[in-house]
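Here the structure is laid out as structure tokens; the discussion comes afterwards.
Number of protein chains: 2
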Amino acid sequence: MAELIWTDEAGIAADDRGLAYGDGLFETIRIRSGQATLAARHCQRMLSGASRLGIPLTQAELEAALDAACQRYQRPEDWVLKVILTRGSGGRGYQPPADCAPRLILSCHAMPPLPPPEGVVTAVSTIQLWVNPALAGLKSLARLEQVLAAERMPADCYEVLMTGPAGQLLEGSRSNLMLWLGDHWLTPAADTLAVAGVMRERLIDYLRDRGDEVREGPVSMSLLGSSETRGLVLMNSVVGVVPVRSLNSLQLPVPEQLATIDSESLFTEKRV
Amino acid sequence: MAELIWTDEAGIAADDRGLAYGDGLFETIRIRSGQATLAARHCQRMLSGASRLGIPLTQAELEAALDAACQRYQRPEDWVLKVILTRGSGGRGYQPPADCAPRLILSCHAMPPLPPPEGVVTAVSTIQLWVNPALAGLKSLARLEQVLAAERMPADCYEVLMTGPAGQLLEGSRSNLMLWLGDHWLTPAADTLAVAGVMRERLIDYLRDRGDEVREGPVSMSLLGSSETRGLVLMNSVVGVVPVRSLNSLQLPVPEQLATIDSESLFTEKRV
Numbered sequence: 001m002a003e004l005i006w007t008d009e010a011g012i013a014a015d016d017r018g019l020a021y022g023d024g025l026f027e028t029i030r031i032r033s034g035q036a037t038l039a040a041r042h043c044q045r046m047l048s049g050a051s052r053l054g055i056p057l058t059q060a061e062l063e064a065a066l067d068a069a070c071q072r073y074q075r076p077e078d079w080v081l082k083v084i085l086t087r088g089s090g091g092r093g094y095q096p097p098a099d100c101a102p103r104l105i106l107s108c109h110a111m112p113p114l115p116p117p118e119g120v121v122t123a124v125s126t127i128q129l130w131v132n133p134a135l136a137g138l139k140s141l142a143r144l145e146q147v148l149a150a151e152r153m154p155a156d157c158y159e160v161l162m163t164g165p166a167g168q169l170l171e172g173s174r175s176n177l178m179l180w181l182g183d184h185w186l187t188p189a190a191d192t193l194a195v196a197g198v199m200r201e202r203l204i205d206y207l208r209d210r211g212d213e214v215r216e217g218p219v220s221m222s223l224l225g226s227s228e229t230r231g232l233v234l235m236n237s238v239v240g241v242v243p244v245r246s247l248n249s250l251q252l253p254v255p256e257q258l259a260t261i262d263s264e265s266l267f268t269e270k271r272v
Numbered sequence: 273m274a275e276l277i278w279t280d281e282a283g284i285a286a287d288d289r290g291l292a293y294g295d296g297l298f299e300t301i302r303i304r305s306g307q308a309t310l311a312a313r314h315c316q317r318m319l320s321g322a323s324r325l326g327i328p329l330t331q332a333e334l335e336a337a338l339d340a341a342c343q344r345y346q347r348p349e350d351w352v353l354k355v356i357l358t359r360g361s362g363g364r365g366y367q368p369p370a371d372c373a374p375r376l377i378l379s380c381h382a383m384p385p386l387p388p389p390e391g392v393v394t395a396v397s398t399i400q401l402w403v404n405p406a407l408a409g410l411k412s413l414a415r416l417e418q419v420l421a422a423e424r425m426p427a428d429c430y431e432v433l434m435t436g437p438a439g440q441l442l443e444g445s446r447s448n449l450m451l452w453l454g455d456h457w458l459t460p461a462a463d464t465l466a467v468a469g470v471m472r473e474r475l476i477d478y479l480r481d482r483g484d485e486v487r488e489g490p491v492s493m494s495l496l497g498s499s500e501t502r503g504l505v506l507m508n509s510v511v512g513v514v515p516v517r518s519l520n521s522l523q524l525p526v527p528e529q530l531a532t533i534d535s536e537s538l539f540t541e542k543r544v
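Heads up: the sequence lines are chains A and B, in that order. Residue 1 is where the first sequence starts when you use the working numbering, and the numbers rise one by one after that. Residue 273 is where the second sequence starts when you use the working numbering, and the numbers rise one by one after that.
Here it is, written out as structure tokens:
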């Protein structure tokens with residue numbers, strides 16, 4: 001059974017493996033009217049990640065933690081719940097203890113400023129992503145590449161986009177990306193990403209539900225400057241979907257087709 | 273000025289970026305007769321890593337922390353000091369705060385059992401290392417690859433050796449490695465490694481001082497089975513140098529030339 005820690009009440013044991021080795025996962029969830037948005041998807045990702053890392057966590061205890069957080073922090077406005085799961089204390093060096101006692105660490109945060117709907121300014125990061133297939137997609141606590149990318153982000157940018165060693169475009173430091181190519185959408189496959197976002201998956205389902213074709217595959221940088229490309233969007237589970245109006249010196253179109261994505265409505269989904 | 277935290281006294285703030293993102297570094301130092309062994313090398317590595325990550329830390333405050341730890345935990349036997357440096361609390365998401373207040377987190381541990389001098393049993397890990405050049409060599413807190421490798425280590429093994437995406441041999445989960453090829457030694461270059469170990473650097477200097485040739489470059493797996501290879505050693509700053517007597521089903525020689533490395537003497541070095 002995971003130990004619940006409320007960060008407004010207590011600190012963390014100094015021998016927690018989340019601190020020592022990044023040995024854990026996190027979710028950042030938008031809370032609206034006392035309900036966790038996209039709760040089923042967030043829970044599924046954390047449970048699947050915990051299973052990959054061998055950290056015991058049940059759906060019932062994770063859902064109970066989310067419910068307890070929504071009860072505890074009641075706000076009229078939307079807010080952001082951060083849930084950290086760590087493997088807990090101890091073990092001999094890197095080797096996890098046979099019986100670990102995981103921790104769920106819960107904190108309440110204000111919404112960040114929302115980006116302008118007409119689109120945001122971005123740049124390609126000087127920091128690349130080297131995605132180990134054993135960790136691909138996991139929203140783990142080991143996020144130094146994103147920290148360095150965010151630290152080096154030009155001041156006028158909303159986000160930096162990160163490439164892989166082969167030069168292909170993968171994702172933003174805190175968002176996933178999708179290209180609109182007229183007759184279809186293109187986004188990098190989940191198993192090539194550092195973080196496979198909950199809003200990425202939600203947007204794929206939304207677009208397919210309305211009849212759009214969405215392909216998952218490599219996104220080469222050269223596609224961006226080509227006449228095929230009608231637009232580029234970024235997405236995450238706090239701000240929703242936002243068009244990109246420039247990448248470095250490249251101006252990108254922000255056509256009607258992007259504006260038809262109702263970003264706000266993406267947060268509403270029946271808890272499956 | 274970094275805040276000193278003694279783990280036998282206090283926990284960690286729940287918003288520490290070391291926990292949130294692996295945003296920090298650590299050193300594991302063998303303490304002998306009240307003195308940190310290889311102290312100058314450990315300090316240099318942490319200071320250089322802090323500089324790469326943009327975490328403010330001075331040599332004077334790090335050395336003072338080591339001295340304070342040696343004063344605090346006086347033992348007749350050798351023990352292990354773990355020093356964690358984090359960027360401290362806060363910031364907006366991945367982006368570090370403009371004025372960070374780093375933490376130095378100090379803990380005292382018993383020595384692990386020493387490996388048998390006649391050599392250890394190892395296996396190639398199923399987990400590969402994907403080393404981002406921006407993070408190469410850094411003993412950062414983001415160590416999930418090593419955790420997964422250690423977790424999957426066969427029960428009869430002392431260590432697992434990890435390969436890069438191209439199949440070349442890089443390092444153990446908690447050690448560096450060096451091949452003895454008769455007329456020279458070969459070890460992977462520091463800028464290709466996940467962790468560039470303090471004992472690796474110490475051993476290179478020791479061997480060169482006694483007139484041996486040490487080359488740094490790619491170590492292909494095929495070298496191990498070749499007749500050129502006279503032996504393989506692992507090293508880290510807690511246990512010193514230890515020969516490998518088998519890797520998976522491959523038996524490796526453990527000749528006299530390896531035994532002439534006086535592992536214990538490597539811990540003695542003038543504080544430069």
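Glycine is no exception: its CB is placed at the ideal position from the N, C-alpha and C atoms. The structure presented is a predicted model; accordingly, all values stated were derived computationally and were not measured.
Could you tell me if Asn248 (chain A) is buried or exposed, where buried requires 16 or more neighbouring beta carbons within 10 angstroms of its beta carbon? One-based indexing of the first sequence puts residue 248 (chain A) at position 248. Asn248 (chain A) should be labelled exposed.
When you compare only the Cα positions, how much space is there between Asp67 (chain A) and Gln35 (chain A)? The residue you call residue 67 (chain A) lines up with position 67 of the first sequence. The residue you call residue 35 (chain A) lines up with position 35 of the first sequence. Spanning the two alpha carbons is a distance of roughly 8 Å.
Using only the alpha-carbon positions, how far apart do Pro56 (chain A) and Ser537 (chain B) sit? By 1-based counting over the first sequence, the position of residue 56 (chain A) is 56. By 1-based counting over the second sequence, the position of residue 537 (chain B) is 265. Each residue's alpha carbon lies about 44 Å from the other.
In or out: Pro389 (chain B) buried (at least 16 other Cβ within 10 Å) or exposed? Translated into the one-based positions of the second sequence, residue 389 (chain B) becomes position 117. Label assigned to Pro389 (chain B): exposed.
Spatial neighbours of Val544 (chain B) within its chain, please: CB distance less than 6 Å, with the 5 preceding and 5 following residues excluded, ordered by chain position. Residue mapping note: residue 544 (chain B) aligns to position 272 of the second sequence, counting from 1. Unreliable placement is indicated for Val544 (chain B), whose pLDDT of 47 sits below 50; no coordinate value is reported for it.
Ordered list of beta strand (DSSP E) runs contained in the stretch 328-405 of chain B, each at least 3 residues: 351-358, 375-382 and 392-396
Taking the alpha-carbon positions, what's the Ile5 (chain A) to Pro112 (chain A) distance? Walking along the first sequence from the start, residue 5 (chain A) turns up at place 5. Walking along the first sequence from the start, residue 112 (chain A) turns up at place 112. Rounded to whole angstroms, Ile5 (chain A) to Pro112 (chain A) spans 23 Å at the Cα level.
Boundaries of the alpha helix (DSSP H) in which Val467 (chain B) is found, first to last residue: Translated into the one-based positions of the second sequence, residue 467 (chain B) becomes position 195. Careful: Val467 (chain B) lies outside any alpha helix (DSSP H) and carries neither H nor E.
Short CB-CB distance (under 8 Å) between Gly167 (chain A) and chain B: Along the first sequence, one-based indexing puts residue 167 (chain A) at 167. Not one chain B Cβ lies under 8 Å of Gly167 (chain A).
Three-state secondary structure (DSSP) of Ala427 (chain B): By 1-based counting over the second sequence, the position of residue 427 (chain B) is 155. Coil.
Along the chain, where does the alpha helix (DSSP H) containing Glu528 (chain B) start, and where does it finish? Taking the first residue of the second sequence as 1, we reach residue 528 (chain B) at position 256. Its alpha helix (DSSP H) spans residues Glu528 to Ala531.
What does Gly54 (chain A) reach in chain B if we use C-beta pairs closer than 9 Å? For this step, residue 54 (chain A) is matched to residue 54 along the first sequence. Neighbours of Gly54 (chain A) on chain B, chain order: Leu420 and Glu423.
May I ask which residues mark the beginning and end of the alpha helix (DSSP H) holding Arg324 (chain B)? Reading the second sequence from its first residue, position 52 is the one you call residue 324 (chain B). Taken as a continuous stretch (DSSP letters only), the alpha helix (DSSP H) holding Arg324 (chain B) covers Ala311 to Leu325.
Is there at least one Cβ from chain B nearer than 8 Å to Ile12 (chain A)'s Cβ? To locate residue 12 (chain A), count along the first sequence from 1; it is residue 12. True, the Cβ-Cβ gap to chain B drops below 8 Å.
Could you tell me which chain B residues have their CB closer than 7 Å to the CB of Glu27 (chain A), listed as they occur along the chain? As a first step, residue 27 (chain A) must be located in the first sequence, where it is residue number 27. Near Glu27 (chain A) there are no residues of chain B at all, since even the closest Cβ is about 13 Å away, more than 7 Å.
In terms of residues, what are the limits of the alpha helix (DSSP H) holding Gly18 (chain A)? What you label residue 18 (chain A) is simply residue 18 of the first sequence in a count that begins at 1. Arg17 to Tyr21 is the extent of the alpha helix (DSSP H) around Gly18 (chain A).
Kindly say whether Arg446 (chain B), judged by its beta-carbon, lies nearer than 8 Å to any beta-carbon of chain A. The count along the second sequence starts at 1 and reaches residue 446 (chain B) at position 174. Closer than 8 Å: yes.
Reduced DSSP secondary structure (H/G/I, E/B, other) of Ala36 (chain A): The count along the first sequence starts at 1 and reaches residue 36 (chain A) at position 36. Three-state DSSP puts Ala36 (chain A) in a strand.
In chain order, what residues of the same chain have a beta carbon less than 6 Å from the beta carbon of Asp191 (chain A), not counting five sequence neighbours either side? Numbered from its first residue, the first sequence carries residue 191 (chain A) at position 191. Ala136, listed in sequence order.
Identify every residue that forms a DSSP beta bridge with Thr300 (chain B). For this step, residue 300 (chain B) is matched to residue 28 along the second sequence. DSSP output for Thr300 (chain B) lists B:Lys354 as bridge partner(s).
Give the DSSP bridge partners of Arg4 (chain A), in chain order. Position 4 of the first sequence, counted from the start, is the residue given in the question as residue 4 (chain A). A quick correction: the sequence has Leu, not Arg, at residue 4 (chain A). For Leu4 (chain A), which the question treats as bridged, DSSP gives the partners A:Leu104.
Could you tell me the alpha carbon to alpha carbon distance between Pro255 (chain A) and Arg230 (chain A), rounded to whole angstroms? The count along the first sequence starts at 1 and reaches residue 255 (chain A) at position 255. The count along the first sequence starts at 1 and reaches residue 230 (chain A) at position 230. The alpha-carbon atoms of Pro255 (chain A) and Arg230 (chain A) are separated by roughly 7 Å.
At a cut of 8 Å, does the stretch 358-365 of chain B reach the stretch 484-497 of chain B through at least three beta carbon pairs? no
Within-8 Å CB hit, Gly231 (chain A) to chain B: Looking up residue 231 (chain A) in the first sequence gives position 231. Gly231 (chain A) does not count as touching chain B.
Quick one: give me the first and last residue of the beta strand (DSSP E) that Gly444 (chain B) is part of. The count along the second sequence starts at 1 and reaches residue 444 (chain B) at position 172. Per DSSP, Gly444 (chain B) belongs to the beta strand (DSSP E) from Leu441 to Gly444.
Mind checking if Thr192 (chain A) is an interface residue toward chain B, Cβ cutoff 8 Å exclusive? Position 192 of the first sequence holds residue 192 (chain A). Not closer than 8 Å to any Cβ of chain B, the Cβ of Thr192 (chain A) fails to qualify, so no.
Distance between Lys411 (chain B) and Phe298 (chain B) (C-alpha atoms, nearest Å): In the second sequence, residue 298 (chain B) corresponds to position 26, counting from 1. In the second sequence, residue 411 (chain B) corresponds to position 139, counting from 1. Each residue's alpha carbon lies about 6 Å from the other.
From Ala166 (chain A) to Pro76 (chain A), what does the alpha carbon distance come to, in whole angstroms? Your numbering for residue 166 (chain A) matches position 166 in the first sequence. Your numbering for residue 76 (chain A) matches position 76 in the first sequence. Taking the straight line joining both Cα atoms gives about 46 Å.
Please state whether DSSP places Ser222 (chain A) in a helix, a strand or coil. Your numbering for residue 222 (chain A) matches position 222 in the first sequence. It is helical.
Proximal residues, the stretch 112-144 of chain A versus chain B, C-beta separation under 9 Å: Pro112, Thr126, Ile127, Gln128, Leu129, Trp130, Val131, Asn132, Pro133, Ala134, Leu135, Leu138, Ser140, Leu141, Ala142, Arg143 and Leu144
If I measure Cβ to Cβ from Gln418 (chain B) and keep anything under 6 Å in the same chain, skipping five residues before and after, which residues do I get? For the purposes of this step, residue 418 (chain B) is taken as the residue at position 146 of the second sequence. So the list reads Ser445, once near-sequence residues are dropped.
Considering only the alpha carbon of each residue, which of A:Ala150, A:Arg103, A:Ala110 and A:Leu106 lies closest to Asp123 (chain A)? Indexing the first sequence from 1 puts residue 123 (chain A) at position 123. The question names Asp, yet the displayed sequence has Ala at residue 123 (chain A). The shortest C-alpha separation from Ala123 (chain A) is found at A:Ala150.
For the beta strand (DSSP E) that Gly512 (chain B) lies in, which residues bound it at each end? To locate residue 512 (chain B), count along the second sequence from 1; it is residue 240. Run containing Gly512 (chain B): Gly512 to Leu519, per the beta strand (DSSP E) assignment.
Just to confirm my understanding: we take Asp288 (chain B), look at its own chain, exclude 5 residues before and 5 after, and list those with CB closer than 7 Å. What are they? Numbered from its first residue, the second sequence carries residue 288 (chain B) at position 16. Correct list, in chain order: Thr358, Gly360, Ser361 and Arg375.
To the nearest angstrom, how far is it from the Cα of Thr260 (chain A) to the Cα of Ile399 (chain B)? As a working note, residue 260 (chain A) is residue 260 in the first sequence. As a working note, residue 399 (chain B) is residue 127 in the second sequence. Approximately 43 Å between the Cα atoms of the pair.
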